[in-house]
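Heads up, the thing below is written out as structure tokens.
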Amino acid sequence: MMKRFLLIMLALCVMLCAMPTYADEWDDDDDDWLDDDPGGTFEEEASTSDFKTIAGYDTGEKFVCGDYVYQMTDDGEGALLTNYSGTSGDVVIPDTVDGHPVVAVGAHMFAYNEAVRSVMLPEGIRSIGNMAFFKCIHLHDIIIPEGVTMIDECCFGGCSELSEVQLPASLEEVGRFGFLACTNLEEISFGDELKAIGPGAFQMCASLSKVSIPSGKDVSIEEDSFAGCSPELKILY
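Here our numbering is used: the first residue of the sequence shown is 10, the next is one more, and so on.
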């Protein structure tokens, strides 16, 4: 029953955070497509069609550099990574591609990638797109560098083995379903810039027992931000 509920929540995450076209493929009696790239087309279509969710990063022309596909930002001064073709489980995203500083990870970039175990992002990263790591079921740790201000919608949804997340002091907001059903996550600590924790941000994080929020800050926390977490959950200010 719990597994089916998690699948339903992840399906909802897909429908709300991804493109409307995939919502039409959902069948209440069929959970199987959540376990794989739906129809084998998700990465090809979704990772290149939803860049407008990251303001100012939709220039169209794509370039290849090693294991990465990227687009230039509209000001021409940085690169938005859109696809990863590597096979390494421990991903170290480069500081630059073709001499251009990497400033953003695109929407859906690693979604459904079962090979990825850990990710290290470069210091220049400023934006991580929605569903960027959705259902990376073997991802167990990630370091998010200073300068990132938001964890976008469904960014780490369904990363069931994720147990270590290092958040930057610059983080201001965790978006809707940002860490939905990260069932192995036990503790999370926020810096002084935190302003908001969105709806369902940590919903169904069944092992989450400790959340540290800076004291003296007016932080907006939605009613269901921590729904379905451990009954021992303590939010410390």
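For glycine and all other residues, C-beta sits at the position ideal for the given N, C-alpha and C.
Verify whether the separation of the beta carbon atoms of residue i and residue j is less than 9 Å.
i    : j    : result
A116 : K144 : no
F142 : C164 : yes
F130 : V157 : Just to set this straight, residue 130 is Leu in the shown sequence, not Phe. Yes.
Out of the options, which one is the CA nearest neighbour of residue i?
i    : options                   : result
I197 : P110, K219, K204 and M213 : K219
P177 : D161, C191 and P154       : P154
M213 : S234, E202, G225 and E162 : S234
M118 : T91, E132, T96 and A124   : T91
G237 : G95, E202, S179 and L189  : L189
M159 : V114, G87 and K71         : V114
Please report the straight-line C-alpha distance between residue i and residue j, rounded to a whole angstrom.
i    : j    : result
S216 : D84  : 43 Å
N139 : G166 : 10 Å
R135 : G187 : 17 Å
S239 : D161 : 23 Å
E232 : F211 : 11 Å
I244 : Y93  : 36 Å
Using DSSP bridges, identify the partner residues of residue i.
i    : result
H109 : V106
A205 : E182 and S229
I160 : V183
N92  : V78
Pull up the CB-CB distance for residue i and residue j, whole angstroms please, since I reckon it's below 8 Å.
i    : j    : result
V228 : G207 : V228 to G207, Cβ: 12 Å. No contact.
S179 : H149 : The Cβ separation is near 24 Å, so there is no contact.
L203 : K226 : 6 Å
I102 : V111 : 6 Å
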